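Numbering (the working numbering), first residue to last: 44 to 197.
What follows is a single structure, written as structure tokens, with notes after it.
In structure tokens:
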């Protein structure tokens, strides 16, 4: 793949995934969590799971705004031939969000579920397996996409 084609193709795929796939899932999940806390009279933002969910929502919106800023505002004279620091911040923030989201789902499946339902219903093993599979696939895709970009850029 030619180096000049990678950034536009990568950015197009990236924003489509983030805005058309991730955003609806994230906002629907957050709304459902908020509604469930209301229905079960658990209070809002009173425990680790709820606070982490709010932090993730705020970080996701900040990440979207940072990504748009990076794409639409270029400073070529300042960082000639190098990626600007905000690009590294965007990558770092994305990794923080993914790690925090993995923690959030794990905490929800293994701790919050039992607290909210009083131990009446166990989390299905299939849900725990699906979470683990998503983590493995996410790590694999993250590592291979970074390797591809490193191979093309060098």
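Glycine included, each C-beta is placed from N, C-alpha and C at the ideal position.
Quick caveat, the model's predicted, so the values are computed rather than measured.
What does the Cβ neighbour count give for residue 92, buried or exposed, with the cut at 16 atoms within 10 Å?
Mapped onto the chain shown, residue 92 falls at position 49. Result: buried.
So, at 6 Å on beta carbons, what are the nonlocal neighbours of residue 95 in its own chain, with the 5 sequence-adjacent residues on each side left out?
Here residue 95 is taken as the residue at index 52 of the chain shown, counted from 1. The answer, listed in chain order, is 147.
Which value, in whole angstroms, describes the spacing of the CA atoms of residue 89 and residue 67?
Taking the chain shown and counting its residues from 1, the one referred to as residue 89 is at position 46. Taking the chain shown and counting its residues from 1, the one referred to as residue 67 is at position 24. Roughly 25 Å separates the two Cα atoms.
Just to confirm, are residue 125 and residue 110 a CB contact at a threshold of 8 Å?
Translated into the one-based positions of the chain shown, residue 125 becomes position 82. Translated into the one-based positions of the chain shown, residue 110 becomes position 67. Cβ distance not < 8 Å, so residue 125 and residue 110 don't count as in contact.
Could you tell me whether the stretch 127–146 touches the stretch 97–107, where touching means 3 or more Cβ pairs closer than 8 Å?
yes
Note down, in chain order, each residue of its chain lying with its Cβ closer than 8 Å to the Cβ of residue 130, except the 5 sequence neighbours on either side.
For the purposes of this step, residue 130 is taken as residue 87 along the chain shown, with counting starting at 1. Cβ within range, chain order: 113.
To the nearest angstrom, how far is it from the Cα of residue 117 to the Cα of residue 123?
The count along the chain shown starts at 1 and reaches residue 117 at position 74. The count along the chain shown starts at 1 and reaches residue 123 at position 80. Those two C-alpha atoms are separated by around 11 Å.
Would you tell me roughly how many angstroms separate the C-alpha atoms of residue 45 and residue 187, rounded to the nearest one?
Position 2 of the chain shown holds residue 45. Position 144 of the chain shown holds residue 187. For residue 45, the predicted model reports a pLDDT of 43, less than 50, meaning its position is unreliable; a value from the coordinates is still stated below. The alpha-carbon atoms of residue 45 and residue 187 are separated by roughly 18 Å.
Beta-carbon proximity list for residue 76, same chain, < 6 Å, skipping 5 on both sides
One-based indexing of the chain shown puts residue 76 at position 33. Taken in chain order, the residues that qualify are 96.
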